[in-house]
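See structure below.
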Amino acid sequence: MELASKYDPLVVESKWYQYWLDNKLFCSKPDGREPYTIVIPPPNVTGVLHMGHMLNNTIQDILVRRARMEGKNACWVPGTDHASIATEAKVVNRLAQQGIQKADITRDEFLRYAWDWTNEHGGIILKQLRKLGCSCDWDRTAFTMDDVRSKGVIKVFCDLYKKGLIYRGVRMVNWDPKAKTALSDEEVIYKEEHSKLYHLKYYISTDDQLKVIRKKYGNVIHKDDKGYYAVVATTRPETIMGDSAMCINPIDEKNTWLKGLHVIVPLVGRVIPVIEDEYVDIEFGTGCLKVTPAHDVNDHALGLKYGLETIDIFNDDGTISESAGLYVGKDRMEVRKQIAKDLESAGLMECVEDYDNKVGYSERTNVPIEPKLSTQWFLKMQHFADIALAPVMDDDIEFYPKKYKKTYRHWLENIKDWCISRQLWWGHRIPAYYFKSADGKPAMVVAENDSEALSEAKKLNNAISASDLEQESDCLDTWFSSWLWPISVFDGINNPNNDEISYYYPTSDLVTGPDIIFFWVARMIMAGYEYRGKFPFKHVYFTGIVRDKKGRKMSKSLGNSPDPLELIDKFGADGVRMGMMLSAPAGNDILFDEALCEQGRNFNNKIWNAFRLVKGWQVDNLAQPESCKIAVRWFNAKLKAVNADMQQQFKSYRISDALMTIYKLFWDEFSSWYLEMIKPEYGCPIDKSTYEATLSFFDTLLKMLHPFMPFITEELWHHLYERKAGESIMSVELNIDTPKQEDAKIEEDIEKVKQIISGVRMVRNQKNIASKVGLDLETINQNPFEHYNTIISKMANVKNIRVSTEKSADASVFMVGTDSFAVPLGDLIDVEVEIEKQEKELKHLESFLAGIRKKLSNENFVANAPASVIERERKKESDSEEKISMLKVSLEELRARK
């Protein structure tokens with residue numbers, strides 16, 4: 001193959017990805033090797049690739065590719081999540097565009113539309129991941145609603161129900177009025193809002209007014225020309241139609257006068273009692289709380305405690321129901337605006353003030369949730385919390401970074417039962433069946449399928465038939481399938497002893513975002529211990545949130561989120577992968593800047609050009625120069641040391657650091673130093689020994705780079721030597737020896753040699769001496785680096801290196817550690833120009849020193865400035881004095897040469 005003059009990522013990437021697919025290089029089957037398994041966090045079937053996916057899947061691919069090169073049997077299982085709420089919303093919208101309402105069709109008809117939509121859009125994101133280079137075993141692609149996964153979900157539901165861990169009951173839940181379904185607590189996002197606090201007048205009922213006209217209560221009693229009243233402060237005046245009581249704290253002196261009375265709900269006219277409970281915060285508002293049992297979880301608890309009436313005033317879509325009596329059919333948010341006006345007009349509003357509070361929003365539809373009493377299915381969570389806490393706290397499962405252990409612990413120690421039912425059609429239908437028992441009473445059975453349900457039902461009523469059974473209409477929460485993912489992708493629920501689950505489970509690493517630590521991570525751990533008796537993964541790597549370079553979260557509304565596919569088209573997949581990872585330390589937010597992708601593209605070009613340089617050399621059977629022998633020994637030692645560093649970085653999941661380590665090795669050590677050390681003179685050949693060693697180094701570097709930059713490394717690896725059909729760099733083990741003592745010694749020596757070379761080059765720059773001019777180099781008293789004279793001579797263009805007892809009078813001196821080196825200048829510099837230059841520098845330093853001394857002579861400054869600041873100024877003073885002294889000596893020497 002001929003190597004192109006420029007690197008074209010679009011050509012290279014499409015060619016090699018197809019090659020990997022054609023040769024089944026991502027496929028994994030159980031064998032005798034150590035398995036390395038990752039299951040993809042299944043993206044929503046509705047989704048398209050965004051920057052968060054890019055980061056997460058780049059990290060997974062790096063880990064998988066590195067595992068392959070460590071000789072492990074790497075298996076990365078892809079798949080998608082059916083995303084009940086999001087997908088149903090998409091289908092409903094499409095039907096609406098066709099003039100079809102969900103309410104007008106049957107469940108089966110709707111599901112046919114949903115499957116059509118899923119089959120049309122469901123694979124988009126997985127295909128996009130291929131553009132990124134993701135090496136998933138695509139033959140294993142799973143879907144949370146395919147036959148295998150669906151069967152497993154139903155099997156688990158029935159098992160947990162039989163264990164007494166699933167129950168059905170009327171509870172206060174989080175209700176999403178847009179999706180018209182219940183949500184779990186974890187699906188509610190609380191946002192700070194600038195709201196209003198409405199102070200409403202609740203007049204004392206007519207029968208009670210005679211009781212309250214007591215002078216001893218004085219000004220604490222509110223009164224106007226309509227009578228006496230109490231004031232309730234609320235952020236939700238639209239809920240007053242559901243008020244069943246007013247509550248005060250029994251020790252609240254300012255509201256003692258209300259004890260035992262009744263008040264009238266504003267506008268509604270309903271008379272409600274004043275009850276007393278310590279739950280009421282005396283300091284909030286007026287200390288009077290309106291109690292609406294149907295629409296607040298704490299109010300519901302008060303309602304149960306005091307036997308209050310429960311009045312549900314909201315329809316499922318957030319409009320006002322007929323039971324409210326007012327504003328029927330209107331949206332709750334519109335009613336809030338209107339009722340405030342009506343209360344004001346009726347003289348029932350004491351005042352309105354600005355108020356900041358937190359409002360719960362649906363994580364899926366981004367609308368404010370409504371607390372709602374509803375019959376739902378719940379999973380008891382305390383049992384699962386008990387089995388899932390210790391493994392993480394004891395590091396049987398390790399979190400990276402560790403800070404998320406505290407978050408995990410807090411949630412498990414304050415766990416609530418999980419509302420697992422959703423009022424949707426798209427999803428796993430709850431396998432509960434309702435019928436009439438033999439005595440005509442309502443009955444229910446839970447079974448894995450219709451035939452089992454009928455068999456169980458007949459035990460209670462032998463006369464019934466299949467048509468008498470009515471299956472629960474609710475679906476299971478999407479996460480109820482996702483929590484089984486590491487088990488279900490290997491069919492470990494339906495066939496718990498199959499070869500694949502026995503080989504691949506537990507998985508090795510999980511890469512995910514901390515925002516789903518409760519939704520998914522914790523629940524997978526629970527399911528793992530419940531159904532496999534073991535953790536589902538050994539390590540959890542939490543990525544951060546991808547933000548723009550200003551620190552803002554990326555969003556469509558801000559227009560600050562680039563299209564990942566456009567980035568790949570512009571910079572190449574390897575460039576984008578590198579750009580993502582350069583700014584992605586574990587657990588910390590990523591400040592993404594497109595310039596990082598450009599840096600990645602530039603690195604691709606650097607690798608390409610370095611390869612072309614080496615491949616362009618002529619090779620001859622020459623004796624290997626001493627400088628090349630030293631260079632080969634040094635870089636071999638450097639490779640060992642860097643590989644050891646990278647092993648440790650991968651072990652501690654400092655993947656960004658590992659990338660930077662190999663980046664510096666290639667750019668700085670290999671390209672800038674090693675290749676310069678061995679590069680033959682223009683037009684001359686290189687010796688065969690050095691050339692072969694260099695190709696071997698390139699081969700190793702490509703392997704080290706491959707997990708991060710799979711495409712360019714595959715391309716160059718095939719150009720490096722002749723390869724057999726079907727071979728790939730990803731299948732070759734990365735075998736690098738561990739560093740030895742002599743390796744550390746030559747590394748240390750060459751670092752000093754590089755400083756000597758840099759010192760000579762600095763003198764050239766300072767004295768404007770061209771690089772083609774050969775120089776002499778003096779070492780004062782000794783030359784500890786004599787063995788490396790050939791390297792120094794070549795790299796710094798030094799003609800002679802000699803040991804002197806003192807430096808030449810015309811020499812420029814620099815230090816390397818405690819050793820002095822001098823470059824005799826002789827006639828190489830223009831004395832007049834140098835004098836002028838140094839006089840200018842001396843004038844600047846003297847002016848700078850005068851300014852420092854003036855500051856230090858200021859008594860106010862010395863008396864008030866921190867000691868560290870004064871110490872810093874004194875250090876500047878002494879440094880300036882030393883530099884001035886040295887310049888003056890240098891100027892005397894220069895003037896003497898005139």
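What the sequence shown shows, in the UniProt record's numbering, is residues 1 to 898, in sequence order.
Backbone N, C-alpha and C fix where the C-beta goes; we use that ideal spot for every residue, glycine too.
The DSSP-derived three-state label of W479 is helix.
DSSP places T694 inside the alpha helix (DSSP H), whose first and last residues are 688-705.
Around the beta carbon of L10, fewer than 16 other beta carbons lie within 10 angstroms, which makes this residue exposed. If the five residues before and after K794 are omitted, its C-beta is found closer than 6 Å to the C-beta atoms of S627, all from its own chain and listed in chain order. At the C-beta level, I38 and L510 come within 9 Å of one another. Under the three-state reduction of DSSP output, P784 falls in the coil class, being neither helix nor strand.
Between F814 and G774 a beta carbon distance of about 18 Å is seen, past the 8 Å cut, so the two are scored as non-contacting. Its chain contains T512 as the residues whose beta carbon lies nearer than 6 Å to that of P41, once the 5 sequence neighbours on both sides are disregarded; these appear in chain order.
Excluding five sequence positions before and after A644, the CB atoms of its chain that fall closer than 8 Å to its own CB belong to T738, P739, given in chain order.
Every unbroken stretch of the beta strand (DSSP E) spanning 3 or more residues and falling wholly within the stretch 477-520 is given here in chain order: 507-512. Three or more beta-carbon pairs separated by less than 8 Å are not found between the stretch 158-167 and the stretch 222-231, which leaves the two stretches without contact. In the DSSP annotation of this structure, the continuous segment of the beta strand (DSSP E) that includes I248 starts and ends at 245-248.
C597 sits in a helix when the DSSP states are folded into three classes. Just measuring C-alpha positions, the residue of A233, T235, I204 sitting nearest I221 is I204. Cβ atoms of K201 and E350 come within 8 Å of each other, at about 6 Å. Judged by their CB atoms, T790 and I630 are nearer to each other than the 9 Å cut-off.
Annotation: T181 is outside any alpha helix (DSSP H); the continuous beta strand (DSSP E) that includes it extends over 181-183.
Segment contact: the stretch 106-116 against the stretch 449-460, fewer than three CB-CB distances shorter than 8 Å; contact not assigned. Remark: C-beta atoms of M730 and M69 approach each other more closely than 9 Å.
In the three-state reduction of the DSSP assignment, N44 falls in the strand class. Of the residues Q838, A867, E893, the one whose Cα lies closest to the Cα of G826 is E893. In chain order, W634 place their CB closer than 7 Å to the CB of I750, counting only its own chain and leaving out the 5 sequence neighbours on each side. By alpha-carbon distance to I430, the top candidate from A865, D819, V763, Y161 is Y161. V170 has its alpha-carbon roughly 35 Å from the corresponding atom of D116.
F490 is classed as buried because its beta carbon has at least 16 other beta carbons within 10 Å across all chains shown.
The C-alpha of G579 lies about 10 Å from the C-alpha of A573. At the C-beta level, I85 and R336 stay beyond 9 Å of one another.
Unbroken alpha helix (DSSP H) stretches of 4 residues or longer found wholly inside the stretch 514-575: 523-531, 564-571, given in chain order. By DSSP's assignment, W175 forms a beta bridge with A182, E370. Contact between W76 and V92 does not hold, since their C-beta atoms are separated by about 34 Å, which reaches or exceeds 8 Å. Rounded to whole angstroms, V732 and G133 show a C-alpha spacing of 18 Å.
Classified as buried, M581 has 16 or more neighbouring CB atoms from the shown chains inside 10 Å of its CB.
Judged by beta-carbon spacing, K436 lies within the 9 Å limit of D468, meaning their Cβ atoms are closer than that value. Around the beta carbon of V833, fewer than 16 other beta carbons lie within 10 angstroms, which makes this residue exposed. Using a 10 angstroms sphere on the CB of E742, the tally of other CB atoms stays under 16, which defines it as exposed.
Around the beta carbon of H194, a 10 Å sphere encloses fewer than 16 other beta carbons of the protein chains shown; the residue is thus reported as exposed.
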